[in-house]
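Visitor: Plus 353 on top of the position in the sequence shown (first one is 1) and you've got the working numbering. Starting off with a structure, shown below.
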Amino acid sequence: MAVWVNNAGIGTVGEFTETPLEAHVQVVKTNLLGYMNGCFAVLPYFKKQGSGTIINLNSLGAFVPLPFASGYSASKFGLLGFMEALRGELAADKNIHVCDIYPVSVNTPGYRHAGNYVGALLKPIPPMIDSETVAETVLDVVRSPRAQTTLGWPSAFARIGYALFPGLTRNLVGQMFREYFKIALPSPHTEGTIFESKRETGRTSGSPAASGAVFAKASHQNHKSELTTPLLVGAAGLAVGLGIFLALRQSKSSASKPLEKHADYPLYQRMQGSQIARG
């Protein structure tokens, strides 16, 4: 055996305490412990033969925390730490490589399969790359192993932004999602494929209609169904620049206002209610 690829991944979207604890646990089991199980199984063979390459599909979420996807963030941050520790253990084994790939949002059916506990219609985050690009990158890493490969400029940009201004970047991401939850089309709560898989024969990409949007936009005035790509690309591109500007102008950045807590209502309903009240 020459190559082992870890590529299991699931996620949930919702406020931490409004998402079932067992859903958070399942995300961590799949995204982190699943990779640990894979490495534990294959490393004895690689050590015996003196060579081998482990390739791990990680995420932008390993560098930047994602509010409302706390279980996913925990799994991806944990995976980054685990692989760094493993590389340290294998430093003397020059022909055994541990390689991580960090793509920006990938257009796969995974968004439709996520556990949705926010009550808003979920869509992929642009700009996206297709699964074929990720597959080609995996093959390239097989041919030329390297510790880390970042796919898509937002991944590199966000990584730098969080390294320089962690609190501000975190709060900007959280506020972005809060604003989108307010205007998103409603969607029923669902556990997705967190606990049970759903087969989609031959499908490797998400819905074509999902391209260029995070959440479908609700409007009573027109039939625009999606947020445009330029809006979201601009938001991503300005995040670090805004962070630098505010850091220079202010001695301390202000955090986003905390969500009002009403245990009887899900996050999406509370957001919508606040909009109606102000209207």
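Don't be surprised by glycine CBs; every beta carbon is placed ideally from N, CA and C. All figures in this text were calculated on a predicted structure; none of them were measured in a lab.
1. For residue 450, list the residues DSSP reports as bridge partners.
2. Quick one: what's got a C-beta closer than 7 Å to residue 591's C-beta in the same chain, skipping five residues either side?
3. With contact counted as at least three CB pairs below 8 Å, one residue from each stretch, are the region 488 to 498 and the region 385 to 405 in contact?
4. Cβ of residue 378 within 7 Å of Cβ of residue 515?
5. Going by the DSSP bridge assignment, what does residue 381 pair with across the sheet?
6. Between which two residues does the alpha helix (DSSP H) containing residue 356 stretch?
7. Here's a check: name, in chain order, each residue in its chain whose Cβ is nearer than 6 Å to the Cβ of residue 545, leaving out the five neighbours to either side.
8. Tell me whether residue 362 is buried or exposed, calling it buried when 16 or more other Cβ atoms sit within 10 Å of its Cβ.
9. For residue 483, which option in 456, 543, 433 has the closest C-alpha, if you only look at C-alpha atoms?
10. Could you tell me the alpha carbon to alpha carbon distance between residue 406 and residue 539, rounded to whole angstroms?
11. With 16 other CB atoms within 10 Å as the buried threshold, where does residue 672 fall?
12. Would you decide whether residue 472 is buried or exposed? Buried here means 16 or more other CB atoms lie within 10 Å of its CB.
13. Does DSSP put residue 475 in a helix, a strand or coil?
14. According to DSSP, is residue 462 part of a helix, a strand, or is it coil?
15. What are the complete beta strand (DSSP E) segments, minimum 3 residues, inside the region 490 to 560?
16. Alpha carbon to alpha carbon, how far is residue 376 from residue 430? Give it in angstroms, no decimals.
17. Indicate the three-state DSSP secondary structure (helix, strand or coil) for residue 441 in the structure shown.
18. Leaving out five residues on either side along the sequence, give the residues of the same chain with a beta carbon under 7 Å from the beta carbon of residue 530.
19. Quick one: using the 10 Å Cβ neighbour count with 16 as the cut-off for buried, is residue 384 buried or exposed?
20. Compute the Euclidean distance between the alpha carbons of residue 475 and residue 450, then round it to the nearest angstrom.
21. Using C-beta distances below 6 Å, list every residue in its chain close to residue 387, excluding the 5 sequence neighbours before and after it, in chain order.
22. In angstroms with no decimal places, state the Cα-to-Cα distance between residue 372 and residue 443.
23. Hey, out of 509, 400, 366, 369, whose CA is closest to residue 356's CA?
24. If I measure Cβ to Cβ from residue 506 and keep anything under 7 Å in the same chain, skipping five residues before and after, which residues do I get?
25. With DSSP as the reference, label residue 365 as helix, strand or coil.
Guide: So, from the data block:
1. For this step, residue 450 is matched to residue 97 along the sequence shown. Per DSSP, 406.
2. Counting from one through the sequence shown, the residue named residue 591 turns up at place 238. Legend: pLDDT at residue 591 = 47, less than 50; position of this residue unreliable, no value from coordinates given.
3. By the C-beta criterion, the region 488 to 498 is judged not to be in contact with the region 385 to 405, since fewer than 3 inter-stretch pairs fall below 8 Å.
4. For the purposes of this step, residue 378 is identified with residue 25 of the sequence shown, where counting begins at 1. For the purposes of this step, residue 515 is identified with residue 162 of the sequence shown, where counting begins at 1. Contact flag unset, no.
5. Your numbering for residue 381 matches position 28 in the sequence shown. DSSP output for residue 381 lists no bridge partner at all.
6. Residue 356 sits at position 3 when you count from the first residue of the sequence shown. No alpha helix (DSSP H) contains residue 356, which is instead part of the beta strand (DSSP E) from 356 to 359.
7. The sequence position of residue 545 within the sequence shown is 192, counting from 1. Excluding sequence neighbours, residue 545 sits near 466, 467, 468.
8. Walking along the sequence shown from the start, residue 362 turns up at place 9. Residue environment analysis places residue 362 among the buried positions, since at least 16 neighbouring C-beta atoms fall within 10 angstroms of its C-beta.
9. Here residue 483 refers to the residue found at position 130 of the sequence shown. Closest option to residue 483, judged by alpha-carbon separation, among 456, 543, 433: 456.
10. As a working mapping, residue 406 is identified with position 53 in the sequence shown. As a working mapping, residue 539 is identified with position 186 in the sequence shown. C-alpha separation (whole angstroms): 44 Å.
11. Residue coverage of the chain in this structure runs from 354 to 632, which leaves residue 672 outside it and unanswerable.
12. For the purposes of this step, residue 472 is taken as the residue at position 119 of the sequence shown. Residue 472 is buried by the Cβ-count criterion.
13. Numbered from its first residue, the sequence shown carries residue 475 at position 122. Note: residue 475 maps to coil in three-state DSSP.
14. Taking the sequence shown and counting its residues from 1, one reaches residue 462 at position 109. Of the three classes helix, strand and coil, the one that applies to residue 462 here is coil, per DSSP.
15. 501 to 504
16. Within the sequence shown, residue 430 is the residue found at index 77, counting from 1. Within the sequence shown, residue 376 is the residue found at index 23, counting from 1. The alpha-carbon atoms of residue 430 and residue 376 are separated by roughly 17 Å.
17. What you label residue 441 is simply residue 88 of the sequence shown in a count that begins at 1. Helix at residue 441.
18. Within the sequence shown, residue 530 is the residue found at index 177, counting from 1. Cβ within range, chain order: 420, 421.
19. Numbered from 1 along the sequence shown, position 31 holds the residue referred to as residue 384. Answer is buried; the Cβ neighbour count reaches 16.
20. Locating residue 475 in the sequence shown gives position 122, where the first residue counts as 1. Locating residue 450 in the sequence shown gives position 97, where the first residue counts as 1. When rounded, the distance between both Cα atoms is 36 Å.
21. As a working mapping, residue 387 is identified with position 34 in the sequence shown. Only 361 meet the Cβ criterion.
22. What you label residue 372 is simply residue 19 of the sequence shown in a count that begins at 1. What you label residue 443 is simply residue 90 of the sequence shown in a count that begins at 1. In a straight line, the C-alpha of residue 372 is about 38 Å away from that of residue 443.
23. For this step, residue 356 is matched to residue 3 along the sequence shown. Residue 356 has its Cα closest to that of 400, out of 509, 400, 366, 369.
24. Mapped onto the sequence shown, residue 506 falls at position 153. Excluding sequence neighbours, residue 506 sits near nothing in its chain.
25. Walking along the sequence shown from the start, residue 365 turns up at place 12. Looking at residue 365 - three-state DSSP - the assignment turns out to be strand.
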